[in-house]
Amino acid sequence: MAEIIAIANQKGGVGKTTTTLNLAYSLHQLGKRVLTVDFDSQANLTSCYGIENPNAIEPNISHLMMARMEEDELPDKAAYIKTANGVDFIPSSISLSVVDASLRLEMGSEMMLAGILEGLRDDYDYILIDTCPSLGSLTINALAAADKVIITVNPQLLAMMGLQDFMKTVRKIKKRINTRLEVSGILLTMCDSRTNLCKVLKDQVYDEYNKVVPIFNTTIPATVKVGESIYYGMSIQQYSPKATAGIAYREFAKELVAL
Ligand code: ADP
Ligand code: MG
C-alpha cells in the first residue's frame, strides 16, 4: 500500500516541483511504483512531463476534485492517469484555481483529495503530491491526504522565515483532521555547500529546526542543468546522468526509502 507524501512549503521557488519530479524518477529507478499528483493550478509539474498545454488535458485533478465535491462517480483511472518516464502522474490545469475557491464554500471539504487517493493506494508504493505555494484549502487537502510531508527549503531565499507558520498548519491538521500526518523532514534545495553563504544559511536552519523536525542528510545542490532538464521534459538524471543534483536526488530517494 502506497505511502502518500506531500512536498510542501507555502513559499514559491523553493524546489517543490523539481523535488517531486526528480524524487519520483529516483524512486522509480529503485524499482518502486510511483504516482505523482500535480496539485498546483500553475501546472508546472504537468509541464515538466513534457505537456505543452496542460489546460487542454481532460480530465485532470480539478475534474476529480469537482466530482468528489458533487458526490459523482470518478472517471476510469485510465482516463486521468498519464505516464512519463516510468512514473504515473495526474495532471493539473488552471481550473484547479476554481476548485480552490469552491473548496472554501463546501462543508467537510478537507478530505476530497484524500478520498481520491485512497482508491489508488493499492496500485503504488509511493504517491507524491506537488503542492501550491499557499496555506489555503488546496494545501490543507494535500496535508489531509498525506501520511508524511517533506518540506523543501531553499536557504538562499531565507525560506525559513515562513516555516513557523507552515509547522503550525501541520500541527493543526494533525490534531483536527489527519492524525497520521508526520513531518518526514526538511530537504535543503538549491544549496551549493561550496559557497560560504550556503554554509552559513544551512547552519542557521540546523540551529533553528534540528530539535523540532528531522533535517535530511542529503542536500540538493544548485545546477543550471535542472532548468535545462525541465525545458526538455526530463528528470535531471535522464538529461545529465552526472549532474550533481541528479546524484543528490538519487541519494535522497535512498535516504527516504530507508526511513
Ligand atoms: P516550487 O515548486 O517550490 O515553486 P520549483 O521546483 O519550481 O519550486 O523551483 C523554482 C525554480 O528553481 C525553477 O526555475 C527551477 O528550475 C529552479 N530549481 C529548482 N531546483 C534547482 C536546483 N537544484 N538547481 C538549480 N535550479 C533549480
Ligand atoms: Mg511548484
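Everything in the sequence shown is counted per full-length UniProt numbering, starting at 1 for the first residue and increasing by one. We put the CB at the ideal spot given by N, CA and C, even for glycine.
Distance cut-off 7 Å: residue i Cβ against heavy atoms of the ligand MG
i	result
Thr83	no
Asn55	no
Lys242	no
Lys11	no
Asp40	yes
Thr169	no
Thr17	yes
Asp100	no
Helix, strand or coil at residue i according to DSSP, with G and I counted as helix
i	result
Asp147	coil
Thr195	coil
Asp123	helix
Ala243	coil
Ser109	helix
Leu138	helix
Ser47	helix
Ala6	strand
Ile177	coil
Leu188	strand
Val37	strand
Phe252	helix
Leu21	helix
Leu203	Residue identity differs from the one stated: residue 203 is Asp in this sequence, not Leu. The answer is helix: DSSP assigns Asp203 an H, G or I state.
Sub-8 Å separation of residue i and residue j beta-carbons
i	j	result
Ile236	Thr131	no
Val170	Val149	yes
Ile81	Asn60	no
Cys48	Gly227	no
Ala245	Pro221	yes
Thr189	Val14	yes
Leu45	Leu21	yes
Ala56	Ile94	no
Ile151	Val183	yes
Leu105	Ser41	no
Closer than 7 Å: residue i CB and nearest the ligand ADP heavy atom
i	result
Val87	no
Asn44	yes
Pro155	no
Ala222	yes
Gly185	no
Thr189	yes
Other residues of its chain near residue i: CB distance less than 6 Å, five sequence neighbours each side excluded
i	result
Pro28	According to the sequence provided, residue 28 is His. The question's Pro does not apply to it. Here the set comprises Val34, Gly86, Val87.
Ala24	Val34, Thr36, Val87, Leu128
Ala243	Thr223, Lys225, Ile236
7 Å Cβ shell around residue i - same chain, five flanking residues per side excluded
i	result
Ala146	Ile4, Ile5, Ala6, Ile129, Leu181
Ile247	none
Arg68	Met112, Gly115, Ile116
residue 262	With the chain represented from 1 up to 259, any question about residue 262 goes unanswered, as that position is not in the structure.
Own chain partners of residue i with C-beta closer than 8 Å, once the 5 adjacent residues on each side are dropped
i	result
Arg250	Ser26, Gln29, Gln237
residue 263	It is not possible to answer for residue 263, since the shown part of the chain is limited to 1 through 259.
Tyr209	Met160, Leu163, Ile186, Ile215
Val213	Ile151, Met167, Val183, Gly185, Ile186
Whole-angstrom C-beta distance between residue j and residue i, which should lie under 8 Å
i	j	result
Val153	Val205	6 Å
Ile186	Glu110	At roughly 24 Å, the Cβ-Cβ gap does not stay under 8 Å, so Ile186 and Glu110 are not in contact.
Tyr126	Lys32	6 Å
Ser92	Ser62	7 Å
Leu135	Asp165	7 Å
Gln10	Thr139	7 Å
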